[in-house]
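In numbering that gives the first Met the number 0, the protein residues as written are 0 to 175.
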Amino acid sequence: MDRTSPAWTAGDDTPKRVLPVLTRMYTGRTEKPCCLCGHPETAHRVEIPPRAIQQLKHASPIAWRDIEGEVTLYFCQDDWETVRDLVLETGMSPLSRCNAGRASFVLREDFEALLNANRAEPDQRPLERELLENADDVLERYEADDPHVEERDLVEARIVTWAMEDLGPPRLTADD
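And the structure:
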């Protein structure tokens with residue numbers, strides 16, 4: 000070992016152990032890949048209600064009732080053009096082609112396993128109502144030829160509306 004390295008201290012000939020300084024710490028998933036192709040650089044996003052995750056490809060192992068907040072789907076620029084055409088020109092939803100493993104959402108913590116206690120499922124009806132109301136508002140403004148309706152908002156509104164129509168009203172739980 001070189002006497003000028005930080006492992007040696009001035010006046011002391013015994014080597015000291017130097018621990019590397021951690022410059023990065025993993026704090027969770029920071030990548031938001033395109034839900035269609037997996038490309039890491041995305042240009043657009045669409046938010047859907049948690050129940051709509053059931054319509055995504057590979058969604059069966061996901062406990063959608065444990066999702067807190069909305070589910071966000073990201074699209075790269077190339078795939079956004081496809082999604083846009085599919086929704087606005089063909090009138091079809093892209094959800095069945097989106098990979099649920101690439102969606103962004105938050106699962107509630109599993110306190111039942113840790114504390115051996117049961118917690119009530121999150122009530123997602125207010126979020127569904129809010130997303131549907133926002134979608135209805137966008138669609139009404141678009142029909143009224145509002146020039147301030149953005150294309151992304153129109154695509155999201157149609158996707159949310161179609162998804163909720165396909166799923167039907169939420170089933171009531173025993174707590175209701």
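Where is the CB? At the ideal position from N, CA and C, for every residue including glycine.
N-terminal and C-terminal residue of the beta strand (DSSP E) that residue i is part of
| i | result |
| --- | --- |
| Arg44 | 43-47 |
Buried versus exposed call for residue i [16 or more other C-beta atoms within 10 Å across all chains shown]
| i | result |
| --- | --- |
| Asp78 | buried |
| Trp41 | According to the sequence provided, residue 41 is Thr. The question's Trp does not apply to it. Flag for Thr41 reads buried. |
| Leu35 | buried |
| Arg128 | exposed |
| Pro32 | buried |
| Val159 | buried |
| Val105 | exposed |
| Val20 | Note that Val20 scores a pLDDT of 42, beneath 50, so its modelled location is shaky; the value from the coordinates is reported in the next line. Exposed, because fewer than 16 other Cβ atoms sit within 10 Å of the Cβ of Val20. |
Cα-Cα separation, residue i to residue j
| i | j | result |
| --- | --- | --- |
| Gln76 | Ala51 | 23 Å |
| Arg107 | Trp63 | 10 Å |
| Gly27 | Pro48 | Note that Gly27 scores a pLDDT of 47, beneath 50, so its modelled location is shaky; the value from the coordinates is reported in the next line. When rounded, the distance between both Cα atoms is 22 Å. |
| His43 | Leu87 | 16 Å |
| Arg83 | Glu150 | 8 Å |
| Ala138 | Ala102 | According to the sequence shown, residue 138 is Leu rather than Ala. Straight-line Cα distance between these residues: approximately 25 Å. |
| Arg140 | His147 | 8 Å |
| Gly68 | Ala143 | 30 Å |
| Asp65 | Pro121 | 7 Å |
| Asp85 | Val154 | Rather than Asp, the amino acid found at residue 85 in this sequence is Leu. Distance between the alpha carbons of Leu85 and Val154: 9 Å. |
| Ala156 | Val70 | 14 Å |
| Gly167 | Trp161 | 10 Å |
| Glu132 | Tyr73 | 22 Å |
| His38 | Leu130 | 27 Å |
Those residues which DSSP pairs with residue i across a bridge
| i | result |
| --- | --- |
| Asn98 | Lys56 |
| Ser103 | Thr71 |
| Ile66 | Leu106 |
Opening and closing residue of the alpha helix (DSSP H) in which residue i lies
| i | result |
| --- | --- |
| Arg128 | 124-142 |
| Asp152 | 150-166 |
| Val82 | 76-83 |
Exercise. Does the count of Cβ pairs from the segment 54-63 and the segment 86-105 closer than 8 Å reach three?
Worked result: Yes, the segment 54-63 is in contact with the segment 86-105.
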